[in-house]
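Okay, structure first, notes after.
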Amino acid sequence: MPLRRPLMLSGALALALAVPWAQAAKDDRQKPLNLVFDKEGAVDKAKQRAEFNGNVILTKGSLMLRAERMDVQETNDGYYTAYANGDTSRQVQFRQDRDTPGERIEGRADQIEYDTRSETIRLVGNAEAKVMRGDQLMQTMAGATLNYDNRTERLLVETGASSPHPSGRGRVVLMPKNAPAEPASAASAPLGLRPSLNLNSRQPQ
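The numbers in my numbering rise by one with no breaks, and the one at position 172 of the sequence shown is 453.
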C-alpha cells in the first residue's frame, strides 16, 4: 500500500490563506493575566503601561507567551495588549490549549502581539505554528506573519521577506486524519515560575 503523505501548499495561495483551527479553551477568557520575569519590571500607572525583561513569561489560563522582553499596555476599559520580543538566540514562544481534549496550538516568531479585547495573536517575522493532539502533529503553518483569531477560529498566513521559507513563501501542511502519529520536536520542558505580577483583565460582559 502506498504511503500517505501530508498535503503541502506553498506560494501565491498562501498570500492570504485563512484556515479554520480548533477553538481556544473558553475558560482562558475569564482568567487573570500573570507575568513572571528574571531581570527588571516597571509599572507606570499614569501611562497604563508596564515593561518586563529577562525570560518573561505571560500566562492567562492555558495561554502562555515566553519572550526576552515584553511591554504590556492597558486600555481605559481594562483590556491589555502585550508586545513580546525575542533576541538573536531565541524567538518568542506561544502555546495554548484547545477546547478539544488533548489538543494544543504552539507557535514561535521574532515578535508576538496579544490583544485580550479582540482575542487575537499576531506572530511577526519567521512565524511558525502547529496544532498538536498529544504527540501527534495535526497541522503546521509558516509565513512572514501569522494572524490567529480565537473568536472566528481562523489563522491567516501572510507571505513576505521575513518568511522562514525560501523566496518569502508561505507553507501549510495538513496531515491526514488517519495518519500515524508523527513525533513532535523536542517537548517543551515544564516552566519554572517565580513570584508573579498579577494584572487582572476585565472581560466582556
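All C-beta atoms, glycine included, are put in the ideal place defined by N, C-alpha and C.
Residue i burial status per 10 Å Cβ neighbour count (16 or more: buried)
| i | result |
| --- | --- |
| Gly-415 | exposed |
| Thr-440 | buried |
| Ser-370 | exposed |
| Gly-383 | exposed |
| Thr-426 | buried |
| Thr-381 | exposed |
| Glu-409 | buried |
| Ile-448 | The question names Ile, yet the displayed sequence has Ser at residue 448. Under this definition Ser-448 is an exposed residue. |
| Arg-432 | exposed |
| Glu-349 | buried |
| Ala-365 | buried |
| Lys-411 | buried |
Reduced DSSP category for residue i - H, G, I as helix; E, B as strand; rest coil
| i | result |
| --- | --- |
| Gly-441 | coil |
| Gln-329 | coil |
| Lys-396 | Before going on, a small fix: residue 396 reads as Asp here, not Lys. Asp-396: strand per DSSP, three-state reduction. |
| Gly-415 | coil |
| Asp-358 | coil |
| Gln-311 | helix |
| Gly-451 | coil |
| Glu-409 | strand |
| Lys-341 | strand |
| Asp-430 | strand |
| Thr-369 | coil |
| Met-456 | coil |
First and last residue of the uninterrupted beta strand (DSSP E) at residue i
| i | result |
| --- | --- |
| Gln-354 | 344-355 |
| Tyr-361 | 361-366 |
| Gly-388 | 384-390 |
| Asp-378 | 373-378 |
Neighbour flag for residue i against chain C, beta carbons, 8 Å
| i | result |
| --- | --- |
| Val-317 | Protein chain content of the structure displayed is limited to a single chain, and chain C is not contained in it. |
Counting pairs of Cβ atoms below 8 Å between the region 339-356 and the region 385-400, do you hit three or more? yes
**Q.** Cβ pair count under 8 Å reaching 3, the region 365-380 against the region 320-334
**A.** no
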